[in-house]
Amino acid sequence: MSRRIIDCRRLLCPMPVIKVQNAIEGLPGGSQVEAVCTDPGALKDIPAWSRINGHRVLEATSRDGEYIVVVEVVEGGAS
Amino acid sequence: MSEQRKAAALISGGLDSLLAARVILEQGVHVEGINFYTGFCVEGHTHAIRKRDQKKEKRNNALWVAEQLGIKLHIIDIVEDYKQVLVNPKHGYGANLNPCLDCKIFMVHKAYEWIKAKGFDFIITGEVIGQRPMSQRKETMPIVSDESGAHDLLLRPLCAKNLPLTRPEREGWVDREALYDFSGRSRKPQMALAARFGIEDYAQPAGGCCFLTDEQYAIKLKDLWRARGDKNYELDDIMLLKVGRHLRPASHYKVIIAREEGEANFMQGYRRLYASMATVSHGGPFALIDGEVDDQEIELIARVVARYSQGRGAEQVELSYSDTSGQSRSLRVKPMAAHEIPKEWLI
Chain A
1 MSRRIIDCRR LLCPMPVIKV QNAIEGLPGG SQVEAVCTDP GALKDIPAWS
51 RINGHRVLEA TSRDGEYIVV VEVVEGGAS
Chain B
1 MSEQRKAAAL ISGGLDSLLA ARVILEQGVH VEGINFYTGF CVEGHTHAIR
51 KRDQKKEKRN NALWVAEQLG IKLHIIDIVE DYKQVLVNPK HGYGANLNPC
101 LDCKIFMVHK AYEWIKAKGF DFIITGEVIG QRPMSQRKET MPIVSDESGA
151 HDLLLRPLCA KNLPLTRPER EGWVDREALY DFSGRSRKPQ MALAARFGIE
201 DYAQPAGGCC FLTDEQYAIK LKDLWRARGD KNYELDDIML LKVGRHLRPA
251 SHYKVIIARE EGEANFMQGY RRLYASMATV SHGGPFALID GEVDDQEIEL
301 IARVVARYSQ GRGAEQVELS YSDTSGQSRS LRVKPMAAHE IPKEWLI
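Respectively, the protein sequence lines represent chains A and B.
Residue numbers 1 to 79, in full-length UniProt numbering, belong to the letters of the first sequence in order.
Residue numbers 1 to 347, in full-length UniProt numbering, belong to the letters of the second sequence in order.
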């Protein structure tokens, strides 16, 4: 399944959430979006947004000073 | 069976918008939240930047509220469109640079466009008559409804009984009798309603959520506008106003000096947009230079930055100056004494 990577470095929340939300808009179920962030708040905010709007978080980790959140689009979820 | 009506709730993350949405959910209406990002939102930013704040529990209150309510939340970036509201507010500013009434009109207008595009029926807000001295008064309620274009599709569940009938009430989409008649600055009715719903944890009331209500922030923004000769700004400008110590030795440039490690880390991200300076021989702050400067001014800036370093008492401090292309050079200067920095430089 395709995975789209979005660069959210230097952006402060809620901008990473907005970028994920906009990236998901129009994507079919099963698509994945990977957000690469430098604001640690993204580790909480993107999963919270995903839960609320019916999408699935596959990964939320920190790696080399960056924070990676992978969201899988669920059909019928909101953007 | 009657059709389930759909409402968009403006969710700030505070108690009032939470309660307004909850009241309408109780009436069987489908509610989804909208939260606007202007760039001036306090939400999480300083916590994200400042190291000493990073241990504190962080959460985006709008997302948290939506999760408590079990509703979807759409966060909308209005940074660009918001400039016209801030630069030229028809109804003026509040105590600082807060254009609260124009801001509310603008947000309701955006929500009105949103419900038309998404097929929703009406808008709800947590407004309460008399709650806010500028934007939430009896006289401003119809101004917001009319100038936003929403007119009678804007319902304020917490004070609806003090206001004329709206279409959702007239058409029976909601029961007016189950709405409220709150008014005034007291928070007691909201707290009692929260208790009735079993809501114990909520953010402090709105108002402290926007940097434009902050006096020091407003002073820095006015300085930026004055120095540039117009009221335009970019997101990077307004983000940097939230961090560091700002000094303006001359009208054509200013220096932003990090006050702690978290701010320095955040400001490092701007090294390709602004010239920068860092101490080498001693522990000290990272600084950005906003504006074009000559060699004499670079030396002056170095003396100022050295003043805020651990070498402030030393005869000489070594610093590194880098331009936006990444070219660096070293300087050795005598730190400026505290009394040599004119008070008027500090913004």
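Backbone N, C-alpha and C fix where the C-beta goes; we use that ideal spot for every residue, glycine too.
Treat the numbers as computed from the prediction; the structure is a model and nothing was measured.
If the five residues before and after CYS100/B are omitted, its C-beta is found closer than 6 Å to the C-beta atoms of GLY94, MET134, SER135, all from its own chain and listed in chain order. Against chain B, the CB of ASP45/A has a partner CB under 7 Å away; the residue lies at that interface. For ILE52/A, the closest C-alpha among the options ALA302/B, VAL65/B, TYR217/B is that of VAL65/B. Less than 7 Å separates the beta-carbon of GLU318/B from that of VAL280/B.
Straight across, the Cα-Cα distance linking GLY269/B with ILE256/B is about 13 Å. Against ILE18/A, the close residues of chain B are TYR37, ILE75, ILE76, ASP77, in the order they occur along the chain (beta-carbon pairs closer than 8 Å). Between the segment 84 to 94 of chain B and the segment 26 to 33 of chain A, the count of Cβ pairs shorter than 8 Å is below three; the stretches do not touch. In summary, no residue of the segment 9 to 31 of chain B has a CB separated from any CB of chain A by less than 9 Å. Proximity of chain A to ARG59/B at the Cβ level (cut-off 9 Å) is accounted for by GLY41, LYS44, ASP45, ALA48, in chain order. For a Cβ distance threshold of 9 Å, residue set ILE52, ASN53, GLY54, GLY77, ALA78 of chain A lies close to LYS72/B, ordered along the chain. At least one beta carbon of chain A lies nearer than 7 Å to the beta carbon of LEU63/B. Taking ALA278/B as reference, the option from VAL305/B, ASP290/B, LEU86/B with the minimal CA-CA separation is VAL305/B.
Fewer than three pairs of CB atoms, one per stretch, sit closer than 8 Å, so the segment 11 to 19 of chain B makes no contact with the segment 56 to 69 of chain A. With a threshold of 7 Å between beta carbons, PRO14/A makes contact with chain B.
Using a Cβ-Cβ distance cut-off of 8 Å, the segment 62 to 73 of chain A and the segment 35 to 42 of chain A are in contact, since at least three pairs of beta carbons, one from each stretch, lie closer than that value.
Listed along the chain, the chain B residues whose CB falls inside 7 Å of the CB of ARG10/A are GLY269. Taking a contact as a CB-CB distance under 8 Å, the pair ARG228/B and ARG245/B does not count as one, their CB atoms being some 20 Å apart. In this structure, ASN22/A is the residue among ALA48/A, ASN22/A, LEU12/A with its C-alpha nearest to the C-alpha of ARG4/A. In its chain, beyond the 5 residues on either side, PRO249 have a beta carbon closer than 7 Å to the beta carbon of LEU300/B. Taking each of LYS343/B, HIS282/B, ARG22/B, GLU3/B in turn and checking the Cα distance to VAL333/B, the smallest one comes out for HIS282/B. As a beta-bridge residue in DSSP terms, ILE124/B pairs with ALA9/B, LEU155/B. By the beta-carbon neighbour count (other beta carbons within 10 angstroms, threshold 16), LEU10/B is buried. One alpha carbon belongs to LEU240/B, the other to GLY76/A, and they sit about 39 Å apart. Taken atom to atom, the span from the alpha-carbon of PRO342/B to that of CYS41/B is near 32 Å. Not a single CB atom of chain A sits nearer than 7 Å to the CB of ALA192/B. Closest in C-alpha terms to CYS210/B, from the list GLU127/B, LEU97/B, SER328/B, VAL87/B, comes LEU97/B.
Runs of the alpha helix (DSSP H) lying entirely within the UniProt domain "UPF0033" (5 to 72) of chain A, each at least 4 residues long, are 15 to 24, 42 to 53 in chain order. A buried status is given to ARG132/B, since no fewer than 16 other beta-carbon atoms sit within 10 Å of its beta-carbon.
In terms of Cβ geometry, ILE24/B and ALA8/B do not form a close pair [threshold 7 Å]. Scanning TYR112/B, ASP237/B, LEU69/B for the CA closest to the CA of GLY39/B turns up ASP237/B.
Residue contact check for GLU67/B against chain A: a CB pair falls below 7 Å. With contact defined as three or more Cβ pairs closer than 8 Å, the segment 107 to 124 of chain B and the segment 135 to 152 of chain B are in contact.
Under the DSSP assignment, ILE129/B falls outside any alpha helix (DSSP H); it carries neither an H nor an E label. In the DSSP assignment, ASN35/B falls outside any alpha helix (DSSP H) and lies within the beta strand (DSSP E) extending over 30 to 37.
Contact check between the segment 211 to 228 of chain B and the segment 158 to 177 of chain B: fewer than three CB pairs, one atom from each, fall below 8 Å, which does not count as touching. Around PRO157/B, the same chain offers ALA20, VAL23, ILE24, ILE124, LEU179, TYR180 as residues with beta carbons nearer than 7 Å, after the five sequence neighbours per side are excluded.
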